[in-house]
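Some notes on the structure that comes next.
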Amino acid sequence: MTGLIRFAPSPGEYAAMALAGGAATFGAIVMFGSRNPLLLAAATIGGVGLVFAARRPVFALAVIVFIEVCNLSGVLDQYGSIPVFQGSMLLGVVTIGLALRDPELRGRLNAWTAICAGFAGIFLATQLVSVIGSVDATASLASARRTAIDLVFLLIVLMLTQMTARPWLVAAVFVVVLAALSVLTVIDQVVYAGSTSFGGFSVVTTSSGEDVTTLRYGGPLPDSNFWGRHLIMGLPMAAALLTRSLRASQRPVAFAWGFSILALLAGIYLTQSRGTFLSAAIAMVVWFLATERPVRRWGLVSLPLAFGLVLVPGVGNRLQKMFTEISQGPDSGHIDPSLLGRLAAQQQAGMMWDERPLFGFGPGTFPGQVFNFAGRVATAQLEAPDGAHNTYLSLAAESGLLGITGWVVMVVGFLAVLVMRNTAQPRSPDRVLVAALIAAIIGWSVSSAWLHLAYFRTFAVVLAMVAAVAPALPIPAEALRTFWRAAGVWLMAAVVGFGVVWAYLSVTGPSKVRAVQRATLVPAVPTDGWYAYALDIRSRMQMLPTFAVVLRDEKSPVSIDADSVRGLLVFTVEADTASQARDELQLAVAQAGNRLSDSIGFNQYVMQGIASMELTEVRDRSTVVTGIGLGVAAGLVTGLTLSSVTARRRRPEEHAAVRPLAALRSG
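Each residue of the sequence shown is one higher than the one before, starting from 26 at the first, in our numbering.
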């Protein structure tokens, strides 16, 4: 029989361990040779451990989650192609095969298993359909294969979590691993000043960023932004574990979980990722809203602490600067290079989606299509991006509307199961964990607005816990009515919100006219040995930004932005009418030519226009922000009002149903 907790091997296991250890050693000799005894010993231990863990589903589940969350396979890649992930997949498959022999474990698989598998299958199907019309079948087939493997991993962890009924264990392992790795990054920063990586588990990334206050740590990942997206998911789960231990009056355990929250916050800070800061705050707000009322009160009490964190150097000031730079648009010459790269990649992905809106260019084709779109977008970047830096734009560019639909169905489907659990069992002790899973999924999804789809399997661990906390079947009819009523209320609120935004923007209409003129600098000297050097204005990256500052008149409304990648000076102005915008721009270009001659003389450079002036109707940014604000406010008011009305209507019905029962009991 397969045991959940048993650790003592049975007599028959020793022979299986010896056989597995020998097979693993032989495989290591074939792959790596016999020159590295450490790898041979590790292979032997791994083979023996696989047999040992496969007979103990809880232990196997913890091992699989540990391997994935700490990115052990990626860390060990620096020592060779060690099949750690393949081994964890094999462990999961063997464990499930053995566990299915146990009627008790097999009986825990239910309709939710098939429903969650269906959500994943829908997304996989959309990717496979997009492969058919791909511009690069080889890249798309490889991408679809990786997606299929990741979704199989999701189902393995889902089935093991459901069969063992240990979602709290998965959450605990998830948090402990992230907290331990965060502590390593703190030690690396404070003690070693980033000079040691602890074997690859505390990586100092090369990501650029302005106004950072520390080195940027990626934990076991090469990019601090993706590491921050992992930490976001761990934060609400750590809060749920702390709440559970406090309710059980387990003070030492509660202290440990409280320390893990501090470690995660320190790890988030050391990423120096503004997207991580923002997404972590959103995730915690969602957790407080989705959990019980007493916990929400603690959320209100902790608001001063949250505002205090914003004042920490490197947090609030960088967030404020990010919003300022984004509001100025991508043409700003002073924009953070990390934001500039993201804007360029997202614009390229958006243009790809615009050209193939239904099925996209094919999964995995974005890097190969960059050269076709980099010169056509507004934001120029010297280095080609390796991803779209936006999961949703990436899916849209590569698999079109079909891929976006499949992704939304999968993620929203898992979220709907969690919301249904809270609706069906609102007083369950597991509600804090359910709320943490909701917050983790939403936090990860928000963070993915500026990160492409990578390291999906860690997110899959969170999704895999959903089936284990799903509501008991059959769901009471009243709970289903409440769920669909709430879904209808907030769907109506969303419709009202979008309607208000559309109506406001339609009534106001375009309020400004934008005029754009592009120009470049060409040498005024005759063609000689120095002409090629003078003509090369793009290699000297600081040249055009300097001229943009020199040529701009501070009293003029026209801005001059330098595009060093393309070798252009971009004159831009917004005015109430087209004639006013045209006049302002022509005057600014003429004055810039005079300033150029006054500053460097007539024999150095002359300014030459590129193409004709562009006039477009645009909306004032304040108009758009006002419209969105009105839409959000209208949606919230509508949702809260309808929720309150439906709640008041349910109370008389509940009292009417209780009176006959009370009469029977008194009789």
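C-beta: ideal position from N, C-alpha, C; glycine also. Only a predicted model underlies this, so the values are computations on that prediction, with no experimental measurement involved.
For A87, which option in L194, L153 and P382 has the closest C-alpha, if you only look at C-alpha atoms? L194
C-alpha distance - Q450 paired with I257, whole-angstrom precision: 26 Å
Per-residue DSSP class, three states only, for D608: helix
Judging by CA-CA distance, which residue of T296, G300 and S270 is the nearest neighbour of T238? T296
DSSP puts R543 in a beta bridge; with which residues? V595 and I635
So is S106 buried or exposed if we call it buried at 16+ other beta carbons inside 10 Å? exposed
Can you check DSSP and say which residues form a bridge with S584? T597
Going by the beta-carbon positions, is the gap between W432 and L418 smaller than 8 Å? no
What residue range is occupied by the uninterrupted alpha helix (DSSP H) comprising S470? R456 to S472
Give a yes or no on contact between the segment 524 to 538 and the segment 652 to 669, applying the rule of three or more CB pairs nearer than 8 Å. yes
My guess is that F693 and M377 are in contact by the Cβ rule of under 8 Å, so how many angstroms apart are they, rounded? Given a span of 26 to 692 for the chain in the structure shown, any question on residue 693 remains unanswerable.
Expected contact under 8 Å - CB spacing of S472 and G259 to nearest Å: Between G259 and S472 the Cβ distance is about 13 Å, and since that is not below 8 Å, they are no contact.
Around the C-beta of Q345, are 16 or more other C-beta atoms found within 10 angstroms, so that it is buried, or is it exposed? exposed
Pull up the DSSP beta-bridge partners for T641, would you. R539
Beta bridge counterpart(s) of M229 as assigned by DSSP: According to the sequence as given, residue 229 is Val; it is not Met. For V229, which the question treats as bridged, DSSP gives the partners Y242.
Less than 8 Å between the CB atoms is what I'm expecting for G389 and E423, so what's the real figure, rounded? 7 Å
For P82, does the three-state DSSP call read helix, strand or coil? helix
Between D507 and T448, how many whole angstroms is the CB-CB distance? I'm expecting something under 8 Å. The question names Asp, yet the displayed sequence has Thr at residue 507. T507 to T448, Cβ: 5 Å. Contact.
For Q372, does the count of other Cβ atoms within 10 angstroms reach 16, so buried, or fall short, so exposed? buried
Cβ atoms of A169 and V156: under 8 Å apart, would you say? yes
Indicate the three-state DSSP secondary structure (helix, strand or coil) for Y630 in the structure shown. strand
The alpha helix (DSSP H) enclosing T301, as first and last residue numbers: R299 to A315
At the level of alpha carbons, what is the spacing between T483 and S637? 51 Å
Out of curiosity, what's the CA-to-CA distance linking A497 and T138? 12 Å
Residue from A264, G292, L289 and L290 whose Cα sits closest to the Cα of A279: A264
Same chain only: Cβ atoms within 7 Å of I635, ignoring 5 sequence neighbours per side: R543, A544, T545 and L593
Go ahead and label S589 buried or exposed: buried means 16 or more other beta carbons lie within 10 angstroms of its beta carbon, across all protein chains shown. buried
Identified DSSP bridge partners for P548: Y630
Tell me which residue opens and which closes the alpha helix (DSSP H) that S274 is part of. First-last for S274: undefined, no H or E at that position.
Do T268 and V457 have their C-beta atoms within less than 8 Å of each other? yes
If you compare alpha carbons, which of P261, S222, A281 and V532 is closest to V487? P261
For P701, does the three-state DSSP call read helix, strand or coil? Missing from the structure shown is residue 701; the chain here goes from 26 to 692 and no further.
Hey, G117 and I181: beta-carbon distance below 8 Å or not? yes
Does the segment 240 to 257 come within contact of the segment 297 to 317, defined as at least 3 CB pairs closer than 8 Å? yes
Taking 8 Å as the cut-off, does the segment 529 to 541 touch the segment 641 to 659 (at least 3 CB pairs, one atom from each stretch)? yes
State the Cα-Cα distance for the pair L334 and V215, rounded to the nearest angstrom. 20 Å
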